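These notes concern the structure reproduced below.
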Amino acid sequence: MRVMAQVAMVMNLDKCIGCHTCSVTCKQTWTNRTGMEYVWFNNVETRPGQGYPRRWQDQERWRGGWRLNRRGALTLRAGSRLARMASIFANPVLPGIKDYYEPWTYDYRNLVNAPLGDDYPVAAPRSLITGRPMAIEWSANWDDDLGGSVEHKAADPLLGGAGARAREIAEKVRFTFEETFMFYLPRICEHCLNPSCVASCPSGAIYKREEDGIVLVDQDRCRGWRQCVTACPYKKVYFNHRTGKAEKCTFCYPRVEVGLPTVCSETCVGRLRYLGVMLYDAERVAAAASVPDDQGLYEAQLGVFLDPQDPAVRAAAERDGIPRDWIEAALRSPVHALISRYRVALPLHPEFRTLPMVWYVPPLSPVVEALTETGFDGEDAGNLFGAIDALRIPVEYLAGLFTAGDPGPVRASLDKLAAMRSHMRAVNLGDAGGGETSQAARAVGMSGREVEEMYRLLALAKYEERYVIPTAAIGEAHGLEESVVQGCSLDAEGGPGMGGDVHAAGPFGEDSGRRRLPLVSLESFHVLRRRQTADDEGAVSAASPTSGPYRSDTAGDDRAER
Amino acid sequence: MRILLWGALPYVAFALLVSGLVWRHRYDRFGWTTRSSEIYESRLLRLASPVFHYGILFVLAGHLLGLFVPASWTDAIGVRERAYNLLSLIGGTLAGALAIAGIALLVYRRRTNAPVLLATTRNDKAMYVLLVGSIALGMYAKLSHASFGHGYDYRGTIAVWARSLFRLDPRTDLMAGAPVAFQVHAVVGMVLIAAVPYTRLVHMFSAPLPYFFRPYLVYRSRGPLQERPQPRGWERIGA
């Protein structure tokens, strides 16, 4: 047994209202840069739907993740090492910009500069790739809230399959609008235990951190081979087309290191994200990822996780150098509770065999209302359990997402969520005392106390119970916290170079070298255009105009022009 | 002039290559990439890029064979002059044709595809001129002095000069006697070698050979945390 620790996440889909706050705050924090316009480290997809990039789940096409070869050993679906290196001069299955969307901005200057005329001036969309006027045809959330789903439903890889099972599910998912139900799926990098992006990187630039399991790209070692973009089955590694390097969700490691939740978690208005430590046995990872049966992967991954309640595990963790505060955090970890203790959280697409570490509590919401409308008592345990099979989002669809098609674990998880409602109603109406094991609780094999603890975690979701994050080094935490406010540890020399002094348009193209470019936080189309076509920094700043209310915020420029 | 071109330039080129690589590795590891444009356009690239790269690798192998394997060695393993000449002519021409076809298509793609053209810096354009120039001149030199019977025997002149460079005793007289086409190709080639570290061509030195010998998964420790130097403008004001 070799104990390792990972900071993992669970999202409670029951509470996601699809507001995209997580996506927006993440974008503002990490990806509002040239070359990253189309990049969403965090995005929220409407299900059923195509997702982002389009049809990312379809591994027949995108060749992400792992598969078992004839000898039953793990190999990348994208091909063996030799095959992939032989085709390294042009990645055969790289998503193009159109598979994401062509990013654009608007030519706002026209609004104030247009000559007097009969027509109102408009801010025409301009492509951020070519700089030319463009027709907006697709974007990251084009099919949000089932927009256009009548047209696009066949494009959902879970519904568009040819098999009899796929057709059956498709039939069950009714797209008639008055009967429609949908749910949202927020997605970030899964920070997998068996990450295929790491395995595919020819330069060895992507790595999994020993201390907290966060998967990062070393920007100085990345050589832009783009193998990781293909290999990631979740399509959560993106290619920065200005710097020529891969970038991905960093799990906000500068925040997590000082005990702060990630930006997406912190700003989630639904309070549906949970962060905590998972202890796992590194020696069992390879075996768990090579289980022959796809549907056995969920159980296999559960088997990799270790129970911090077990004194033997705690002793082994100390032996393997896990800090004491991490072990204590693991004991209180909400993520461990939802995944292993209550077993209500499920992994996203375990059949990709990467052992993902961002898990989901499947959505139950509409069932109570639906039942009540039909005249039944929506929260009665018996009715609830019966109704789960008739959910408008069929259990089979959820199983396609979370358990490689096995409805058992999804059904069990939904049953527990239903039992929790029923039990809490009984408690609130005085039908059962607090801590007493009600009929509903007994039906799912939980004690009343357990159900109430789960209720507290899922429904009340207190800040300090949702996020139990040990700091990287407790003694230094205070100083580090300030350094986060003052700057970003990604800017450090040898860091992934995500900001600060590496933004210069050096002699080898954008972002090479170490010169400082004036920090531009919000920019007009014209500044962007100039920067795209200029060969050096001087040409950009020399011509830097006062372009609208938002302009480059270099103090020097300001003074010169006012 | 003779000394300058055939005695000094090779060493200057080599020095620029090595110092450039060291400098770039030290100061611009972040810029060490080809800035792939595959995300903008992949149809042409998927055809042209492998054609060019495999072509140029064969060309490279041919140069190494021609310049650094003495005729006496090939004789020793029983490859006669005529057989070698044919191999050199046919193999070299095929490899060169592949490289030229590939790069022609790549340049066409770069010119006609708006996003790809936008992502092309002046540095890239200069590099393309140099690269296309040296390939084309090499092909011209080879073909203009070739015949199936007996082509120009560069192994008696250019190759000997090339090897003499490593003995720090350049036989400049041998190069001075070589045909002008070969001389021009050699000069452009040396400039190209000197330019490698300062252009996107630097990616040739990141051929991922270690990938074959490492385990799939890479773990790295984040190392001891340290206070970072305060960024300029964020100095604390005695609060």
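Heads up: the protein sequence lines correspond to chains A and B, in order.
Take the first sequence: its letters are residues 1 to 562, numbered as in UniProt numbering.
Take the second sequence: its letters are residues 1 to 239, numbered as in UniProt numbering.
Cβ atoms here follow ideal geometry from the backbone N, Cα and C, with glycine treated the same way.
Please read these numbers as outputs of a predicted model, since none were measured by experiment.
Here the alpha carbons of residue 106(A) and residue 120(A) stand approximately 15 Å from one another. Beta-bridge partners of residue 75(A) (DSSP): 67(A). Straight-line measurement puts the Cα of residue 270(A) at about 21 Å from the Cα of residue 259(A). In the structure shown, residue 206(A) adopts extended strand secondary structure according to DSSP, grouped into three states.
When rounded, the separation of the alpha-carbon atoms in residue 48(A) and residue 398(A) is 10 Å. Of the other Cβ atoms in all chains shown, 16 or more fall within 10 Å of the Cβ of residue 38(B); this residue is therefore buried. Partner residues in the beta bridge of residue 276(A), as assigned by DSSP, are 8(A). Bridge partners of residue 246(A) according to DSSP: 239(A). Shown here for residue 359(A): same chain residues with a beta carbon closer than 8 Å to its own, the five before and five after excluded, namely 8, 9, 10, 11, 335, 338, 339, 345, 346, 347, 348 in chain order. Within the DSSP bridge table, the entry for residue 358(A) names 9(A) as partners. Listed along the chain, the chain B residues whose CB falls inside 8 Å of the CB of residue 94(A) are 38, 39, 42. Residue range 183 to 187 is occupied by the beta strand (DSSP E) that includes residue 184(A).
Residue 10(B) carries a helical assignment under DSSP once its states are collapsed to helix, strand and coil. Across the structure, residue 231(A) and residue 34(B) are spaced so that their CA atoms are roughly 20 Å apart.
Annotation: residue 68(A) to residue 76(A) spans about 8 Å, alpha carbon to alpha carbon.
Taken in chain order, the members of the segment 46 to 57 of chain B whose beta-carbon sits within less than 7 Å of a beta-carbon on chain A are 46, 49, 50, 53.
Residue 404(A) and residue 357(A) have their C-alpha atoms roughly 16 Å apart.
The alpha carbon of residue 279(A) has as its nearest neighbour, out of 467(A), 113(A), 256(A), 306(A), the alpha carbon of 306(A). The beta carbon of residue 88(A) sits closer than 8 Å to the beta carbons of 202, 225, 227 from its chain, once the five residues preceding and following it are set aside; these are given in chain order. According to DSSP, residue pairing for residue 141(A) in a beta bridge does not occur.
With contacts defined as CB atoms closer than 8 Å, residue 132(B) and residue 103(B) qualify as a contacting pair. The C-alpha of residue 380(A) is placed about 13 Å away from the C-alpha of residue 416(A).
The beta carbon of residue 33(B) sits closer than 8 Å to some beta carbon of chain A. Counting C-beta pairs with one atom in each stretch, the segment 410 to 430 of chain A and the segment 383 to 393 of chain A have three or more that are closer than 8 Å, which means they touch. Here DSSP, grouped into helix, strand and coil, assigns residue 123(B) to helix.
Under DSSP, residue 133(A) takes part in a beta bridge, and its partners are 126(A).
Interface annotation, residue 208(A): in contact with chain B, CB-CB separation under 8 Å. Scanning its chain for C-beta atoms nearer than 7 Å, with the 5 sequence neighbours on each side dropped, one finds around residue 205(B) the residues 21, in chain order.
Residue 233(A) holds the alpha-carbon nearest to the alpha-carbon of residue 187(A) among 233(A), 194(A), 170(A), 151(A). Along the segment 130 to 147 of chain A, going in chain order, the ones with a CB nearer than 8 Å to a CB of chain B are 130, 131, 132.
Nearest Cα to residue 59(A) within the set 320(A), 351(A), 446(A), 428(A): 351(A). For residue 253(A), there is no enclosing beta strand (DSSP E); the enclosing alpha helix (DSSP H) has its first and last residue at 253 to 256. Taking 8 Å as the upper bound for CB-CB distance, residue 189(A) and residue 235(A) are not in contact here, some 10 Å apart. Annotation: residue 89(B) to residue 199(A) spans about 42 Å, alpha carbon to alpha carbon. Judged by their CB atoms, residue 52(B) and residue 99(B) are nearer to each other than the 8 Å cut-off. Contacts between residue 219(B) and chain A, judged by CB atoms closer than 8 Å, involve 207, 208, 209, 210 in chain order.
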